[in-house]
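What follows is a short report on a single structure.
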Amino acid sequence: MKSLQVLIATLCLLALGQACEDATTTASTSKDWWETAQFYQIYPRSFMDSDGDGIGDLNGITSKLEYLKDLGVTAAWLSPIFKSPMVDFGYDISDFFDIQPEYGTMEDFRALIKKAKELDLKIILDFVPNHSSDENEWFKKSVKREKGYEDYYVWHDGKINADTGKREPPSNWLQAFRGSAWQWVEERQQYYLHQFAVQQADLNYRNPDVVEQMKRVLRYWLHEGVAGFRCDAVPVLFEVEVDENGQYPDEAVSGLTDDKDDRSYLKNELIENRAETIDMAYQWRTVMDDHQRIYGGDTRVLLIETYAPPAYTMQFYGNRSVQGAHLPFNFNLITVPASDGVSASSIKKAVDNWLLSMPAGSTANWVIGNHDQRRAASRYGVANTDAMNMLVMILPGASVTYQGEELGMTDGWISWEDTQDPAACNSDRDTYEKFTRDPSRTPFQWTSGTNAGFSTGPKTWLPLADDYKTQNVEVETAATRSHLKIYKSLVSLRKSSKTLQNGATKYAVLNENAFVVKR
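Next comes the structure, spelled out in structure tokens:
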């Protein structure tokens, strides 16, 4: 792969320093904190282990907050920390109001919030609204049809096959981790919907009690001092309603794959990107704004995860009559090069698709990686690490960094025996690497020493990536020039430059290996 260059054509920005104001800088230089923020995603299980059990935890995060402050981070977003059986490593929540014991206690969480405030760092939590663990008390009560919980989840009798006389799932819908999205429960004599693992039962958002319960979750953690939420898997919140016969229709075949257990085998138009979901995001925004209005302080932000077509995604921003998410996540720099190949043209297409679709007055954001994707350095090439970090820092709006991108961390190789991800475990030894997300979740690389400085224990929950001795905080801090030092310089420039915060943006393809940005 040729090195993709990101060239900054500067009028007044010289040598990572601001010499004068760009004439295109807007008259108003006042922006809310989140509009130019440097968000930093922490995958708690892999960030820092404080007690030697090989698993990252809250006290480990607290011990490294100074590192985030030194990076110039505005807000740290924590992937789920709530009580969970850990089937999907926190995205299967058994108690939305408590901390996963492996990660610590509420006292540990409050200590983290206190230390973050002392350092002027904001903490954002992952909100998982679509489903709960099947070990959640709500689900157990729903199985028993206890009063008030009968319709907390999406239940259905299924249908009888006219030829065999046997009961079958209500529809052909598929889950994200392969196979049917319906699971039979003998005790209740019905199927429940699960768009992810069997243990992740979909909540029923057509039930007002569920809607209010999840708003209660938001309010609880806002009162604990968080600065907002990243909302997970939002596009699957609602599915089509049953027809006049009380049945769910089947999805059409997509033609994208012959693998009938793969979710992409179907078009998924009935279970994703429904209009009702947009309105729910607007309701959550009201919760954020109401909390700020009542208790004061800085804006509490709402970030939405959505891998969806631009026309749908942009609706999350809101419209003239209602405010929506502050930032629907922009995954174009992940999805477009993945389908079109890494080139200056694909980068331009990714930028165009967002900036030209975004409603007037909205704020852009730029993401090159997360815990569900291969690492940016592995996708774009290690040689392009600095260029891609530069790109997300010089484009207008907010930037999001996944832990390790500032170091140029690459994917680790995980054997079938060491595989943890349910998306991979539901496949087999021959195909698991097609589905696994484990390679981007390997422990953070702090030093060249034992366990990369992540843990003092005998074993880490996932093996270390092979490059940990050369790509780590210790080595890159001591080096004359490194990915880490360039990243920190970019953040510093971005925070100090009114041009980068408020100036106009122009960009173009110079050739297939050079994408030019002018601020």
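As numbered in mature numbering (1 follows the signal peptide of the UniProt record, and there is no 0), residues -19 to -1, 1 to 500 make up the sequence shown, in order.
C-beta: ideal position from N, C-alpha, C; glycine also.
For H272, the closest of E286, E455, Y201 by C-alpha to C-alpha distance is Y201.
The Cβ atoms of L59 and I104 lie closer than 8 Å to each other. V191 counts as buried, since at least 16 other C-beta atoms from the protein chains shown sit within 10 angstroms of its C-beta. For T238 against Y246, the beta-carbon gap comes to about 5 Å, under 8 Å, which counts as contact. The C-beta of T461 has fewer than 16 other C-beta atoms within 10 Å across all chains shown, which makes the residue exposed. Cβ atoms of N111 and Q176 come within 8 Å of each other, at about 7 Å. Boundaries of the beta strand (DSSP E) around L59: 56 to 59. A contact between stretches requires three or more CB pairs, one per stretch, nearer than 8 Å, and the region 463 to 481 meets this requirement with the region 374 to 391.
Note: V373 is not bridge-paired with any residue in the DSSP secondary-structure output. Around the CB of K45, 16 or more other CB atoms lie within 10 Å, so the residue is classed as buried. Membership of W335 in the alpha helix (DSSP H) is indicated by the continuous run 325 to 336. Every alpha helix (DSSP H) stretch that sits fully inside the region 177 to 239 and reaches 4 residues is listed by chain position as 189 to 204. DSSP places Y72 outside both helix and strand once states are collapsed to three, so it counts as coil. Beta-bridge partners assigned by DSSP to V124: none are found.
Here V373 has L314, W347, V348, I349, S380, V381, T382 as same chain residues with Cβ atoms under 8 Å from its own Cβ, once five neighbours each way along the sequence are excluded.
Three or more pairs of CB atoms, one per stretch, sit closer than 8 Å, so the region 65 to 81 contacts the region 111 to 122.
With a cutoff of 8 Å on beta-carbon distance, I395 and P444 are scored as near each other. Residue state for W14 is assigned as helix, using DSSP reduced to three classes. With respect to the 8 Å criterion, L174 and A162 are classified as neighbours on the basis of their beta carbons. Check the Cα spacing between S473 and each of S11, W14, W15, Q19: the tightest is with Q19. In summary, S320 is exposed, with fewer than 16 beta-carbon neighbours lying within 10 Å of its beta-carbon over all protein chains present.
In the three-state reduction of the DSSP assignment, D353 falls in the coil class. For H464, the three-state secondary structure derived from DSSP is helix. With contacts defined as CB atoms closer than 8 Å, H137 and Q171 qualify as a contacting pair.
When beta bridges are read from the DSSP output, N346 appears opposite A379. The C-alpha of N185 lies about 20 Å from the C-alpha of K140. For W265, the three-state secondary structure derived from DSSP is helix.
Cβ atoms of E457 and S463 come within 8 Å of each other, at about 4 Å. Inclusion of Q304 and T17 in the CB contact set at 8 Å is not warranted, their separation being larger than that value. Of the candidates S343, K196, N351, A341, N351 places its Cα closest to the Cα of E286.
The C-beta distance from L218 to M269 rounds to 17 Å, too long to meet the 8 Å contact threshold. As DSSP reads the structure, V166 sits in a beta bridge with Q171.
Proximity of the region 78 to 96 to the region 205 to 213 meets the contact definition, three or more beta-carbon pairs being nearer than 8 Å. Taking a C-beta distance under 8 Å as the contact criterion, I62 and I80 qualify as a contact pair. With contacts defined as CB atoms closer than 8 Å, G362 and A446 fail to qualify as a contacting pair. In terms of Cα proximity to D402, the closest of D333, Y276, S31, D69 is D69.
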